[in-house]
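These notes are about the structure you will find just below.
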Amino acid sequence: MIIKNLTSQVGLIPQQYVVTTVAFLAVITVNSLIKNGFKAYVKVFIYAILIGFTLFYYSGLDVISKVFAVLCLLVGAFLTVYTQTYERVKYGGGGLTSLIDTFVFSIYFVFISTELSIFIMAWLFAEIIGFFNIVYEVERRTLVAGLRYLLISMIPSDIALLTMLGVVAGKLSLGEAFLTPVNGLNKILTDVNPAFYTLILLGFLGKAAVAPFHFWLPDAHSLAPAPASAVLSGVMVKMGIYGIFRIIPSVPSTDYTLYLLTFLSSITVIYSGLQALTQTDIKRVLAYSTIENTGIIVLALTTYRLFNLDVLFTGALLYSLAHGIFKAALFMNSGVVEVLTHTRELPKLGYLGRVAPKPTYSALISTMSLIGIPPSLGFVSKVLVFTGFAEAILNSPPVGVLLVSVLAVGLALSAAYGSRYMLTYWGAIKVKPPSEVRGVPQLESSDFTMSLMNVVATFPTLIVLGLHALGSTLTASLLVLSTLALAVMWYAYTYVKNILSKPLWLGGSV
1 MIIKNLTSQV GLIPQQYVVT TVAFLAVITV NSLIKNGFKA YVKVFIYAIL
51 IGFTLFYYSG LDVISKVFAV LCLLVGAFLT VYTQTYERVK YGGGGLTSLI
101 DTFVFSIYFV FISTELSIFI MAWLFAEIIG FFNIVYEVER RTLVAGLRYL
151 LISMIPSDIA LLTMLGVVAG KLSLGEAFLT PVNGLNKILT DVNPAFYTLI
201 LLGFLGKAAV APFHFWLPDA HSLAPAPASA VLSGVMVKMG IYGIFRIIPS
251 VPSTDYTLYL LTFLSSITVI YSGLQALTQT DIKRVLAYST IENTGIIVLA
301 LTTYRLFNLD VLFTGALLYS LAHGIFKAAL FMNSGVVEVL THTRELPKLG
351 YLGRVAPKPT YSALISTMSL IGIPPSLGFV SKVLVFTGFA EAILNSPPVG
401 VLLVSVLAVG LALSAAYGSR YMLTYWGAIK VKPPSEVRGV PQLESSDFTM
451 SLMNVVATFP TLIVLGLHAL GSTLTASLLV LSTLALAVMW YAYTYVKNIL
501 SKPLWLGGSV
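Using full-length UniProt numbering, the first residue of the sequence shown is number 1, and each one after it goes up by one.
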């Protein structure tokens with residue numbers, strides 16, 4: 001009632017803008033006034049309230065907006081706890097926590113914007129905040145990475161936004177274009193010059209880091225602080241994906257732009273997967289993994305439009321959610337590794353599985369989702385995408401076989417570099433761990449809880465999909481398989497925990 005009264009007093013301002021502004025001011029105030037650990041719980045409560053508003057209260061948001069907005073808030077809620085410990089341990093204080101919260105809220109504003117003008121302004125603001133996150137550690141290399149981000153990620157996407165605004169204004173008027181609903185863009189942008197589709201979608205590829213606009217991402221993600229990397233990879237690249245979701249339904253299925261995007265995303269999947277295998281910095285492994293996964297999402301969306309396969313639209317949306325969760329958790333995990341060992345180089349690691357069990361479990365759960373092992377959210381999303389590509393064979397056997405082959409190679413590469421990331425913990429069994437490695441419980445707990453979302457979110461997602469998108473047979477099969485896999489995971493967890501807590505039995509020998 002209070003929110004409704006406040007909204008009515010400020011005129012025609014949509015409710016979500018008022019609520020989000022109040023919530024953001026509350027979070028920043030808490031960061032400034034409360035100095036103990038209690039402030040983390042207050043901020044998590046604010047984020048939880050926003051998730052409730054996003055799902056059940058805001059008007060004008062469709063499923064696409066809600067999925068991306070909730071993903072942003074989930075990542076932000078876990079990071080706001082993680083960052084206040086991370087900045088204290090690594091930097092001795094500073095304003096990183098408030099910067100991360102501002103970054104999260106600016107991206108959230110993009111996803112809940114219902115008018116094109118607000119959408120564009122929120123997008124520009126989020127990009128500027130992203131630059132300050134990348135250059136937080138002011139050095140020559142971070143400034144170069146930030147400049148590359150501005151040139152390759154920001155400028156193409158901004159050109160796409162202005163082109164989109166110009167096309168809409170040409171069909172309506174400038175005043176009407178400013179107030180055009182974001183979720184109605186696909187209806188307005190039909191029957192326009194194909195060159196506009198190409199310009200707009202290529203601009204969004206720049207934000208999503210799909211080739212040939214990918215090379216800003218590895219340095220930006222690896223040189224930024226771990227919490228900033230988690231937001232950049234888990235949420236910010238989804239701005240480009242979100243833009244493609246909004247535009248792709250309006251592109252004719254025979255338009256050459258779709259074939260161009262299919263080619264570029266296919267190359268991206270294979271190239272970035274191979275690059276991830278060659279990296280020695282664990283954050284660069286994760287950065288190239290992000291490029292590969294965004295390539296798969298774009299490939300799913302273009303195939304959806306080429307053959308009108310709704311399962312691929314659903315799969316791409318779920319894949320975006322899954323990737324945001326497991327990649328944010330893995331970047332948080334890389335920050336834990338860096339704080340514990342003061343290095344991110346794989347040749348210098350490999351022993352952490354014996355001295356840091358909780359980060360080990362966190363990395364394992366998130367890596368399972370990355371690879372697509374049940375009962376993870378990544379598994380469900382990959383099943384849907386693979387099913388859609390298999391259906392494409394019925395429409396066009398040569399194209400369908402090519403798509404399935406690209407996805408199979410991508411999944412094999414993700415299994416390879418996912419296993420490579422786990423060498424951080426199990427890569428040097430005989431190496432004696434350094435005596436100075438000390439745990440940081442607050443960081444480890446935040447990372448572990450975030451990684452559990454890969455499993456926790458799986459079952460309600462399957463139920464929702466069963467009610468609205470999938471058939472009962474497929475849904476039941478996935479639920480049974482995920483339940484069995486969860487039981488196996490629990491057994492393995494308790495087994496390893498018992499081994500670590502008890503002396504090794506040597507069969508009576510001394």
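Glycine residues also receive a C-beta, built at the ideal position from the N, C-alpha and C atoms.
- Only residues of its own chain outside the window of five on either side were considered, and among them I159, A160, T163 have a CB closer than 8 Å to the CB of L199, listed in chain order.
- Secondary structure of D281 (DSSP, three-state): strand.
- Here the alpha carbons of L394 and F307 stand approximately 10 Å from one another.
- Pairing A23 with K39, the inter-Cα distance amounts to about 14 Å.
- Across the structure, L462 and R141 are spaced so that their CA atoms are roughly 44 Å apart.
- Within the region 224-269, the complete alpha helix (DSSP H) segments at least 4 residues long are 226-231, 237-247, listed from N- to C-terminus.
- For E137, the three-state secondary structure derived from DSSP is coil.
- The beta carbon of T449 lies closer than 7 Å to those of F78 in the same chain, with the five residues before and after it left out.
- Counting only runs of 4 or more residues that sit fully inside the region 38-99, the alpha helix (DSSP H) segments are 38-56, 63-91, in chain order.
- Here the alpha carbon of G184 sits roughly 20 Å from the alpha carbon of A316.
- In the structure shown, the three-state DSSP call for P181 is strand.
- Contact annotation, V404 with A390: C-beta distance approximately 6 Å; criterion of less than 8 Å satisfied.
- Note that the C-beta distance between F111 and Y242 is below 8 Å.
- Residue environment: S477 is assigned as exposed (fewer than 16 neighbouring CB atoms within 10 Å of its CB, all protein chains considered).
- Just so you know, the alpha carbons of V63 and T54 end up roughly 10 Å apart.
- V251 places its beta carbon less than 8 Å from that of L258.
- Taking one beta carbon from each stretch, the region 370-378 and the region 311-328 have 3 or more pairs nearer than 8 Å; the two touch.
- With a 10 Å radius around the Cβ and a threshold of 16 neighbouring Cβ atoms, K43 comes out buried.
- Around the beta-carbon of F105, 16 or more other beta-carbon atoms lie within 10 Å, marking it buried.
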